[in-house]
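Okay, so here's the structure we're looking at.
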Amino acid sequence: MNEHSKQMPARGPDRPEFESELVDSGAIGNVERPLSLTERIVNNEGAQRLAILLVLIVVWELYARWLNNSLLFPTFTVTLQTFWHDVGNGVLVDRTLTSLRTLAIGYAFGLVLAGLFTTFAVASTIGTRILSTLTAMFNPLPAIALLPLALIWFGLGTPSLVFVIIHSVLWAVALNTLSGFRSVPETLRMSGRNVGLKGARYVGLILIPAAFPSILSGLKIGWAFAWRTLVAAELVFGVSSRSGGIGWYVFEARNDLDTATVFSGLLTVILIGLFVESIIFRAIEARTVNLWGMQR
29 MNEHSKQMPA RGPDRPEFES ELVDSGAIGN VERPLSLTER IVNNEGAQRL AILLVLIVVW
89 ELYARWLNNS LLFPTFTVTL QTFWHDVGNG VLVDRTLTSL RTLAIGYAFG LVLAGLFTTF
149 AVASTIGTRI LSTLTAMFNP LPAIALLPLA LIWFGLGTPS LVFVIIHSVL WAVALNTLSG
209 FRSVPETLRM SGRNVGLKGA RYVGLILIPA AFPSILSGLK IGWAFAWRTL VAAELVFGVS
269 SRSGGIGWYV FEARNDLDTA TVFSGLLTVI LIGLFVESII FRAIEARTVN LWGMQR
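Residues in the sequence shown are numbered from 29 upward in steps of one, following this note's numbering.
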């Protein structure tokens, strides 16, 4: 710094109209105010879902009391009493476990086949053409429409139920998985190839994590298709290995004109669906796509 610059007086701001005084931070107040208990409850997703369920229950109860015909539409309290009665004597528990065992077998086989089809599709162009053609053919075909063929091929029992469940799971999961694989950025694909990944390692380490939101959507759709296909199939013939499932439980109650038991079976189907969606799949989402920042 030369002598001339030392002797220059300090200049004020060029635009004094933009000069502002500093404010004491203590006078601003709380920048981030903690939410009250009421606000936390209102903004909580679980509380919102519970409130919706309570509203539906109240509407159900009021409408049934207004209709006053238990044969057509029993009240929620009567349905709940029937539900707990059949849970207590073990009938509903046994029927539900029978359905869930069959569902687990069919769902697992469907996922394995979907994984094999999709791996083959991403490994070669002809595999993609084959999977796209099969999906276009069989995905619109209702699984319950294959039930007569299943009865002819496998007879009356669990194998027929497993067959229609596999059909309902396979194409939905394969279609969503293939769509997810196709949406993976080319730069990510090239990075996997550059480090020497091929075949199953390439699919497992690159494609599956990048496409997991689509895969998870396919798993949800496949689960929903499988569950309602199983209940519908059990409503048609239902008895497997001398023990019927939840669909057969509803069918028997309908034959006896026991509407409260019918509603109890339907309530069980709904509760299982809510549990799988709200607990199992939400836990998977929280530990994968939400944790990875892939969706909110």
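Even for Gly, the Cβ is constructed at its ideal location relative to N, Cα and C.
The structure presented is a predicted model; accordingly, all values stated were derived computationally and were not measured.
Option nearest residue 232 by Cα separation, candidates 205, 78, 246: 205
Chain B contact for residue 93 (CB, 9 Å cutoff): Looking at the structure shown, chain B is missing, and only one protein chain is on hand.
Cβ distance (whole Å) where residue 234 is taken to contact residue 216 below 8 Å: 6 Å
Residue 196, buried or exposed, once every other Cβ within 10 Å from all chains shown has been counted against 16: buried
Reference residue 262; option with closest CA among 166, 131, 318: 131
Residue range of the unbroken alpha helix (DSSP H) whose run includes residue 190: 186-210
Residue environment, residue 86, which counts as buried when at least 16 other CB atoms sit within 10 Å: exposed
Sequence-distant residues of its chain with Cβ nearer than 8 Å to residue 249 (five each side left out): 200, 201, 204
Bounding residues of the alpha helix (DSSP H) (the contiguous stretch that carries residue 245): 240-264
Residue 80: CB within 8 Å of a non-hydrogen atom of the ligand NAP: As far as ligands go, the structure on display features none, and thus does not contain the ligand NAP.
Beta-carbon spacing of residue 107, residue 292 below 9 Å: yes
contact_flag[the segment 109-125, the segment 288-306] where n(CB pairs < 8 Å) is 3 or more: yes
Through-space distance from residue 213 to residue 145, alpha-carbon basis: 21 Å
Cα-Cα separation, residue 101 to residue 94: 10 Å
Status (buried if at least 16 other CB within 10 Å, exposed otherwise) for residue 116: exposed
Per DSSP, the bridge partner or partners of residue 138: Its beta-bridge partners do not exist; DSSP assigns none.
For residue 229, the nearest candidate out of 79, 159, 151 (CA to CA): 151
When 92, 77, 124 are compared against residue 297, the one with the closest alpha-carbon: 124
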